[in-house]
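Right, one structure below, let's go through it.
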């Protein structure tokens, strides 16, 4: 037999193996839609992936949600020492950057909230604090407590004075209950009439003072407070992940997000995405078909 005769079988086998595997892979994606000839449906159209797109999307969504991005995996990742160290480092870097920042707190917040947003935030916070302080000041028990402290102070001063040693303490003690009641009533009237204005004025002044402080002033010389804030932020982060992650995952519904995203893709986009991931592997399968065809053709030639 000539060399051509020996090579024909292996080469033909390799070509057939290459073409059949290449065709099989192409039929995974194409055609994207069903084809009809004279009203008759052409078999194997659309391709396997377009035909089963909805089922594949649902399966991928469930697989990712149940195995790759479930509560255990995310919790382990988000609460890992590496993640906590990164968060702590980010806080430290932020504080270090602000220690040289001459912007006021109002200017700094304005970058994220806008001037109107800062004013709205300050107003909302101030109103909330004023409401709480006003409620405390208008509490009738506060007037009673102040009146009691005042009368006890007078009684103590009388007791330690010369008049007290001469018997004035007993007189003051007799007068204390009615005086305390009258004093408590007047204090409560004063607080009730002025509580809101007092709280508004004080909170407004303190709010303006705080918002006009420079960021460098807020972050310099307050190491202990900053350490407490950092610890509080890390603790809050752990709490949110540990306590609220199940609800977050339930509300987020990762499986449905992935399923909907895949279903929203047209097949051209989906094919491009898949090919970007497994292009080399699919090429390897095609060339493996050529190799197997070559081997089978060689065996047939020499048998």
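Numbering (this note's numbering), first residue to last: 1 to 303.
Ideal placement from N, C-alpha and C gives every residue a C-beta, glycine not left out.
Model, not experiment: these values are computed from the prediction.
For residue i, count neighbouring Cβ atoms within 10 angstroms of its own Cβ and tell me buried if that reaches 16, exposed if not.
i	result
residue 117	exposed
residue 98	buried
residue 125	exposed
residue 112	exposed
residue 67	exposed
residue 188	buried
residue 177	exposed
residue 39	exposed
residue 203	buried
residue 43	exposed
residue 100	exposed
residue 259	buried
residue 255	buried
residue 21	buried
residue 147	buried
residue 284	exposed
residue 120	exposed
Does DSSP put residue i in a helix, in a strand, or in coil?
i	result
residue 42	coil
residue 222	coil
residue 36	strand
Mind checking whether the beta-carbon of residue i lies closer than 6 angstroms to any heavy atom of the ligand FAD?
i	result
residue 186	This structure lacks the ligand FAD, and indeed carries no ligand of any kind.
Taking 7 angstroms as the threshold (C-beta atoms), are residue j and residue i in contact?
i	j	result
residue 180	residue 151	yes
residue 47	residue 28	yes
residue 191	residue 137	yes
residue 233	residue 95	no
residue 302	residue 13	no
residue 134	residue 85	no
residue 10	residue 289	no
residue 262	residue 57	yes
residue 267	residue 105	no
residue 34	residue 45	yes
residue 291	residue 25	no
residue 60	residue 230	no
residue 122	residue 193	no
residue 32	residue 50	yes
Do you know offhand how far residue i's Cα is from residue j's?
i	j	result
residue 257	residue 272	20 angstroms
residue 200	residue 214	24 angstroms
residue 73	residue 237	17 angstroms
residue 198	residue 131	11 angstroms
residue 76	residue 245	11 angstroms
residue 16	residue 6	17 angstroms
residue 65	residue 253	8 angstroms
residue 222	residue 70	40 angstroms
residue 109	residue 239	26 angstroms
residue 242	residue 153	51 angstroms
residue 156	residue 142	21 angstroms
residue 286	residue 83	42 angstroms
residue 139	residue 87	43 angstroms
residue 249	residue 235	20 angstroms
residue 80	residue 274	31 angstroms
residue 186	residue 144	10 angstroms
residue 276	residue 299	36 angstroms
residue 219	residue 89	16 angstroms
residue 19	residue 52	24 angstroms
residue 308	residue 270	Residue 308 falls outside the range modelled here, since the chain spans only 1 to 303, and no answer is possible.
residue 216	residue 224	16 angstroms
residue 304	residue 78	Nothing in the structure corresponds to residue 304, since the chain is present only between 1 and 303.
residue 93	residue 209	26 angstroms
Subject >> Those runs of the alpha helix (DSSP H) which lie wholly inside the segment 230-288 and span at least 4 residues >> reply: 254-264
Original post:
Fully enclosed by the segment 66-153, which alpha helix (DSSP H) runs are 4 residues long or longer?
Top reply: 71-78, 81-98 and 105-137
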